[in-house]
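Presented below is the structure to which this report refers.
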Amino acid sequence: MHSTDTSDEAWYDDDAGPVARPYTMTGGRTSPVGGQFDLISLVVARRAATPPTPLFPEQARIVELCHHPVSVAEVGAELDLPLGTVRVLLGDLVAAGLVETHDPPMLSELPTEDLLQAILVGLRTL
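Counting from 1, position 26 in the sequence shown corresponds to residue 27 in my numbering; the numbering is continuous, with no gaps.
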């Protein structure tokens with residue numbers, strides 16, 4: 002039997018995720034304009050920086066999260082967004098001067114074979 006009920010039915014629930022697709026947040030862009038971002042790069046909000054234009058809610062949340070150093074991966078997890086989208090949003094914020102990134106320190110030396118063997122032995126004993 003066909004129902005003639007015209008009441009509004011919600012076709013989504015809280016588990017459906019954001020209504021806007023991630024690519025709409027970036028204007029369809031897939032590459033960040035403010036540089037490349039490693040997953041463990043730290044992002045920090047710049048103090049006293051004011052946005053030149055109103056921020057999207059996701060961008061405002063990133064700036065809020067980054068009052069203390071946070072990794073790119075943590076930003077993505079907190080916002081529950083794909084990392085590609087997070088990187089584009091971060092690039093926009095870097096270009097606007099609202100956040101800055103710090104690359105992780107590089108190892109000055111590669112680990113020796115003896116050290117790697119010792120780690121392997123230690124892992125096997127666990």
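Backbone N, C-alpha and C fix where the C-beta goes; we use that ideal spot for every residue, glycine too.
Please read all numbers here as calculations on a predicted model, not as lab measurements.
Status (buried if at least 16 other CB within 10 Å, exposed otherwise) for residue i
{"i": "D104", "result": "exposed"}
{"i": "R88", "result": "buried"}
{"i": "L94", "result": "buried"}
{"i": "L121", "result": "exposed"}
Inter-residue Cα distance where the pair is residue i and residue j
{"i": "D39", "j": "L91", "result": "12 Å"}
{"i": "L111", "j": "E59", "result": "38 Å"}
{"i": "Q118", "j": "T51", "result": "51 Å"}
{"i": "R125", "j": "P106", "result": "29 Å"}
Proximity to residue i [Cα-Cα], best of the options
{"i": "G77", "options": "H68, I63, H69", "result": "I63"}
{"i": "A46", "options": "P106, A96, R125, T126", "result": "A96"}
Start-to-end residues for the alpha helix (DSSP H) that takes in residue i
{"i": "A61", "result": "58 to 66"}
{"i": "L117", "result": "114 to 126"}
{"i": "A78", "result": "73 to 80"}
Other residues of its chain near residue i: CB distance less than 8 Å, five sequence neighbours each side excluded
{"i": "A74", "result": "L40, I41, L84"}
Beta strand (DSSP E) segment containing residue i, residue limits
{"i": "A46", "result": "43 to 46"}
Cβ shell of residue i (< 6 Å), same chain only, five flanking positions each side left out
{"i": "L56", "result": "none"}
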